[in-house]
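Visitor: The end of the sequence shown is residue 790 by numbering that gives the first Met the number 0, with every number in the run present. The beta-carbon is built from N, C-alpha and C at its ideal position, and this holds for glycine as well. For clarity, every value in this text was computed on a predicted model and none was experimentally measured.
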Amino acid sequence: MSELETTRAKLLLVDDRPENLLALEAILEPLDTELVRASSGEEALRRLLVEEFAAILLDVQMPGMDGFQTAELIKRRERTRHVPILFLTAISKDAEHIFRGYSAGAVDYLLKPFDPLILRAKVGVFIELWQKTVEIRRRDSLLAEQELAAVERESEVRYRSLADAIPQILWTTDADGHAQFYNERWFEYTGMRREAPTSALEVIHPEDVPRMQDRWAAAKETESTFEIEYRLRRADGTYRWHLGRAVCHRDDTGALLGWVGTATDIEDRKLAEERQAFLAEAGWVLGSSLDYEETLADVARLAVPHVADWCAVDIFVNGRLERLALEHVDPLKLALARELQASMLRARDAAGAQAIRSREPVLVPEVDENVLASFGFDDHEAEIAKVLAPTSFVTVPLIARGEVFGSISLVTAESGRRYGVEDLALATELARHAAAAIDNARLYAESERRSRAARALEAVGDGVVLVDREGVIRLWNTAATTITGVSEEETLGRPIADVVHRWAEISSLIPIAGKPGEPVRAETVPVEFGGRELWISGSGVGFEEGTVYAFRDLTEERALEEMKADFVATVSHELRTPLAAIYGSAQTIRRTDIELDPEIHDQLLAVIASESDRLGAIVNDLLVAGRLDADQLPIAVEHCDPAQLAASVVEAARTHLPPSVALELTAPEGIPDVVADPGQLHQVLANLVDNAIKYSPAGGPVALTLANGDGSIRFSVADSGLGIPATEHRRIFEKFYRLDPDMTRGIGGTGLGLYICRELVRRMDGKIWVESKLGEGSTFVVELPAADEKR
Ligand code: ADP
């Protein structure tokens, strides 16, 4: 029981003499008070420290601290200042003492012996006064308590209504984290009933629960602010992103009372962030490759489920709209949706077709019966559409540089989202990126095609020249340069008449097709470039920019043809001569009408034999040349002694040497081996020696000289015969080429000897050339690798 609640007053009686105290007790007994004794001023003060008294009866004369000193101390103390003091004295009756007593705070000054009745009456007044004061104090405190309770009630109500009024979810927990309170918004959002709230965990997205629990545990552990972004399930079953926050709630001493938490819907901000992130990623994907079919399919995959439940990309292929990509997280639904594809692509009245037609994005915030009907689904398809239950969609045309490539559609369904203007903006931005990617890819493909065409043009063997309508050269490819010897720089931008000599005449001979692909036969015409006459076979095609001429160099072919003509002439002559001799000799021998002299008979047989040899040699040369052409002549190089080989050549030649020719061999001592096929080298040297003899009709010296070169062996065959003009030094090595094809000098030949020599020497890694002047004899030199001397 508190002190205030008791109405029994206490009186403090202070006197150093016990008998006085006893007397006082006796007098005051009937007042029904608690009488507390103190035998000194000090004791009285001690009592006053712990107890409350209605009045103090204080003896003035006491040893130690007297009554006045005690009273002064009592008055000085705040809590005891108002306690009435009655001085009791037997001695200090003079006015000075009485005054001192009052000034020390006395309410009365009583002289001993006192009248018991008066003393009791006086003390009774103070007791009553005290009791009243106590009563008043009690009432005051009661009132204060009631007022406080009222205020608290009011603030609780205010707090709750505030909590219910805010748009956020608000909750509180006790110090252990157990839920105590949820505001109205919580029940409204989650659809839970106030009467039967279930755990908050039930409405948090399962993917977010572990993260939430970790954070909550950490916040509780450290008594620090809890913060998280998580998805909360709405009454309709859809999830929305929230920012959850909770702070500690503490009392004045700082002790944890509990937590106050809020959850703020940040779905829109989150969506905006997702849109931005998606756009950034889509932009990156679209820019990462030129295969737009692949990148668009990737973008569709990216869109689902972040910005759409469905994403479709439709592209025109050869003028027909085709579905390039369709995405959804559920493969089953995807399969179902594919059944609707054909109808959707055909539907002329559907929003997608409208978007393409109008070149404007179309937003359908709410898919209703009418929207579904616009796709023209049959019953089966309508059934599927109902199952897939699209909620809203947005279709944006893909346009770049004025061309519509197709469209992109974003569709919502199970997420429950409804598209608005922001989603339209997102789709428009996405379509802009996608269209640019398609455009870039197509431009690149086109430029690739062109550059491939240009590269092909540079690589072809045919000369290609483009002449514009003004007759100015606009293209001159590499082959044109190679064939004519005139470079691109010298021709581009110049009139063709300035570049090609007698162009007017030539161009009239070249046939021109009216349009590409029209068959036209190329004509062969002689054209002069830089003093060189070329035989060119060309044709042209006219097109809007001018004429393209294509031509090839037939100079060599023409030469070959000429050569063949030479061959036919020479060989037929060469064959006919021995044949005629053989035939004539044989006929003569067969004659029966004349008797042949045995000597003549023998001579005729010798003619047959030698002419047959000649025929054989010609046929052999033809065979060897044929096998060389077909690359079928095996060559087996080895180390052979050049001096020995040359000696056998000279020896063989000597058997049919005309008496006017002196044949000589000069070989230095210790010449190294030559790396060659001995048989072939023998033939080469024999040919050269035979020619030297043959083309020295007036006879003279023929010298075969060996020399040791730098890592090579040189064989020179020198004569002082007819000689060869410088202009013909190269040509005499060509097949069938003869300086004197008509054999005005009566020297026969097939024109194959030197050709065979050149080909054989080349195959043995050697060189052959001639040093000669007309009328001053010739020296043919063959150079072949020398064998390593150390071997
Ligand atoms: P052929 O001797 O059968 O005509 P070759 O190929 O051996 O054929 O020679 C080609 C031509 O080179 C000869 O027709 C001749 O005009 C010329 N020729 C070859 N050797 C000599 C030479 N030693 N002196 C002058 N002319 C030669």
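What are the boundary residues of the alpha helix (DSSP H) that includes Tyr188?
Guide: Within the sequence shown, residue 188 is the residue found at index 189, counting from 1. That run of the alpha helix (DSSP H) goes 183 to 189.
Visitor: Do Ala691 and ligand 1 come close, with the Cβ less than 8 Å from some heavy atom?
Guide: Taking the sequence shown and counting its residues from 1, the one referred to as residue 691 is at position 692. It does: the Cβ of Ala691 is within 8 Å (strictly closer) of some heavy atom of ligand 1.
Visitor: Using only the heavy atoms of ligand 1, determine whether one of them is closer than 8 Å to the beta carbon of Gly748.
Guide: By one-based count along the sequence shown, residue 748 stands at place 749. True, at least one ligand heavy atom lies under 8 Å from that Cβ.
Visitor: Which residues in the same chain as Ala354 place their Cβ atom closer than 8 Å to its Cβ, once the five residues preceding and following it in sequence are excluded?
Guide: Within the sequence shown, residue 354 is the residue found at index 355, counting from 1. Taken in chain order, the residues that qualify are Pro360, Val361, Thr394, Val395, Pro396, Ser406.
Visitor: Assuming the contact rule is C-beta atoms closer than 8 Å, Val781 and Val649 should be a hit. Round their C-beta distance to whole Å, please.
Guide: Counting from 1 along the sequence shown, the entry for residue 781 is found at position 782. Counting from 1 along the sequence shown, the entry for residue 649 is found at position 650. Val781 to Val649, Cβ: 15 Å. No contact.
Visitor: Taking 9 Å as the threshold (C-beta atoms), are Ser777 and Ala717 in contact?
Guide: Taking the first residue of the sequence shown as position 1, residue 717 is located at position 718. Taking the first residue of the sequence shown as position 1, residue 777 is located at position 778. Yes. Within cutoff.
Visitor: Let me check you understand the geometry: is the CB of Ser506 closer than 8 Å to at least one non-hydrogen atom of ligand 1?
Guide: Along the sequence shown, read from residue 1 onward, the residue named residue 506 stands at position 507. Not under cutoff, so the answer is no.
Visitor: Evaluate the contact criterion for the region 417 to 433 versus the region 293 to 308: three or more CB pairs, one atom per stretch, below 8 Å.
Guide: Yes: the two stretches touch, three or more of their Cβ pairs being nearer than 8 Å.
Visitor: Look up Glu637 in the DSSP assignment and give the residues it is bridged to.
Guide: As a working mapping, residue 637 is identified with position 638 in the sequence shown. DSSP output for Glu637 lists Ala675 as bridge partner(s).
Visitor: Quick check: the Cα distance between Arg99 and Phe67, rounded to an integer number of angstroms?
Guide: As a first step, residue 99 is located in the sequence shown; it is residue number 100 there, counting from the start. As a first step, residue 67 is located in the sequence shown; it is residue number 68 there, counting from the start. If I take the Cα positions, the gap works out to 8 Å.
Visitor: Looking at the unbroken alpha helix (DSSP H) that takes in Glu382, where does it start and where does it end?
Guide: On the sequence shown, position 383 is the one that residue 382 refers to. Unbroken alpha helix (DSSP H) run through Glu382: 378 to 387.
Visitor: In terms of alpha-carbon separation, which member of Leu285, Phe404, Ala245 lies closest to Arg795?
Guide: Given that the chain is displayed from residue 0 to residue 790, the structure contains no residue 795 and the question cannot be resolved.
Visitor: Taking the alpha carbon of Glu544 as the reference point, which residue from Glu280, Gly470, Ala624 has its own alpha carbon closest?
Guide: As a position in the sequence shown, residue 544 is number 545, starting the count at 1. Checked all of Glu280, Gly470, Ala624; the closest Cα to Glu544 is Gly470.
Visitor: If we ignore side chains and look at the alpha-carbon of each, how far apart do Glu24 and Ile97 end up?
Guide: Here residue 24 refers to the residue found at position 25 when the sequence shown is read from its first residue. Here residue 97 refers to the residue found at position 98 when the sequence shown is read from its first residue. Going by the C-alpha atoms only, they are around 24 Å apart.
Visitor: Just how far apart, CA to CA, sit Gly774 and Ile746?
Guide: Along the sequence shown, read from residue 1 onward, the residue named residue 774 stands at position 775. Along the sequence shown, read from residue 1 onward, the residue named residue 746 stands at position 747. Spanning the two alpha carbons is a distance of roughly 16 Å.
Visitor: Quick one: what does DSSP say Gly539 is sitting in, helix, strand or coil?
Guide: Taking the first residue of the sequence shown as 1, we reach residue 539 at position 540. Strand.
Visitor: According to the neighbour-count rule (16 or more other Cβ atoms, all chains shown, within 10 Å of its Cβ), is Asn690 buried or exposed?
Guide: Counting from 1 along the sequence shown, the entry for residue 690 is found at position 691. By the neighbour-count rule (16 or more Cβ atoms within 10 Å), Asn690 is buried.
Visitor: Given 8 Å as the limit, tell me if Phe566 has its C-beta closer than that to any heavy atom belonging to ligand 1.
Guide: Residue 566 sits at position 567 when you count from the first residue of the sequence shown. Checking every heavy atom of ligand 1 against the Cβ of Phe566, none is found closer than 8 Å.
Visitor: Which one or two residues does DSSP pair with Tyr108 in a beta bridge?
Guide: Indexing the sequence shown from 1 puts residue 108 at position 109. DSSP, once it has assigned bridges, lists Phe86 as partnering Tyr108.
Visitor: Output the boundary residues of the beta strand (DSSP E) element that contains Gly462.
Guide: Locating residue 462 in the sequence shown gives position 463, counting from the first residue. Start and end: 462 to 467.
Visitor: Just reading off the beta strand (DSSP E) that Gly516 is part of, what are its end residues?
Guide: Translated into positions along the sequence shown, residue 516 becomes position 517. Unbroken run through Gly516: none, as it is neither H nor E.
Visitor: Going along the chain, which unbroken runs of the beta strand (DSSP E) with 3 or more residues stay wholly within the region 111 to 186?
Guide: For the region 111 to 186, whole beta strand (DSSP E) runs of length 3 or above, ordered along the chain, are 168 to 173, 178 to 181.
Visitor: Can we count Asp630 as close to ligand 1, meaning its CB is less than 8 Å from some heavy atom?
Guide: Start at 1 with the first residue of the sequence shown, and residue 630 comes out as number 631. False, no ligand heavy atom lies under 8 Å from that Cβ.
Visitor: Would Leu56 and Glu33 be called neighbours here (beta carbons separated by less than 9 Å)?
Guide: The count along the sequence shown starts at 1 and reaches residue 56 at position 57. The count along the sequence shown starts at 1 and reaches residue 33 at position 34. Contact flag unset, no.
Visitor: How would you label Ser160, buried or exposed, when you count the other beta carbons within 10 angstroms and need 16 or more for buried?
Guide: Counting from 1 along the sequence shown, the entry for residue 160 is found at position 161. When all chains shown are included, Ser160 counts as exposed.
Visitor: DSSP three-state label for Val567, please.
Guide: Mapped onto the sequence shown, residue 567 falls at position 568. Val567 falls in the helix class under three-state DSSP.
Visitor: Have a look at the DSSP bridge pairing and note the partners of Lys9.
Guide: Residue mapping note: residue 9 aligns to position 10 of the sequence shown, counting from 1. Lys9 pairs with Glu33.
Visitor: Can you tell me where the alpha helix (DSSP H) holding Lys734 begins and where it ends?
Guide: For the purposes of this step, residue 734 is taken as residue 735 along the sequence shown, with counting starting at 1. Where Lys734 is concerned, there is no enclosing alpha helix (DSSP H), given that its DSSP letter is neither H nor E.
Visitor: Leaving aside the five residues before and after Phe732 along the sequence, list all residues of the same chain whose C-beta is less than 7 Å from its C-beta, in chain order.
Guide: The residue given as residue 732 occupies position 733 in the sequence shown. Leu753, Tyr754, Arg757.
Visitor: Rounded to whole angstroms, what's the CA-CA distance from His241 to Asp267? Just pull it up for me.
Guide: Here the question's residue 241 lines up with position 242 in the sequence shown. Here the question's residue 267 lines up with position 268 in the sequence shown. Approximately 10 Å, taken between the alpha carbons.
Visitor: For a minimum of 4 consecutive residues, which ranges assigned as the alpha helix (DSSP H) are wholly contained in the region 706 to 784?
Guide: Whole alpha helix (DSSP H) segments, 4+ residues: 752 to 762.
Visitor: Use the C-beta contact count for Phe542: other C-beta atoms within 10 angstroms, 16 or more gives buried, fewer gives exposed.
Guide: Counting from 1 along the sequence shown, the entry for residue 542 is found at position 543. So Phe542 ends up on the exposed side.
Visitor: If you measure between the beta carbons of Gly462 and Thr483, is that distance less than 9 Å?
Guide: Residue 462 sits at position 463 when you count from the first residue of the sequence shown. Residue 483 sits at position 484 when you count from the first residue of the sequence shown. Yes. Within cutoff.
Visitor: Leu533 CB to nearest chain C CB: under 9 Å?
Guide: The question asks about chain C, but that chain is absent: this structure has only one protein chain.
Visitor: Could you give the distance in angstroms between the alpha-carbon of Leu255 and the alpha-carbon of His177?
Guide: Walking along the sequence shown from the start, residue 255 turns up at place 256. Walking along the sequence shown from the start, residue 177 turns up at place 178. For Leu255 and His177, the distance between alpha carbons rounds to 13 Å.
Visitor: Which stretch, first to last residue, makes up the alpha helix (DSSP H) that contains Leu295?
Guide: The sequence position of residue 295 within the sequence shown is 296, counting from 1. Note, Leu295: alpha helix (DSSP H), 291 to 305.
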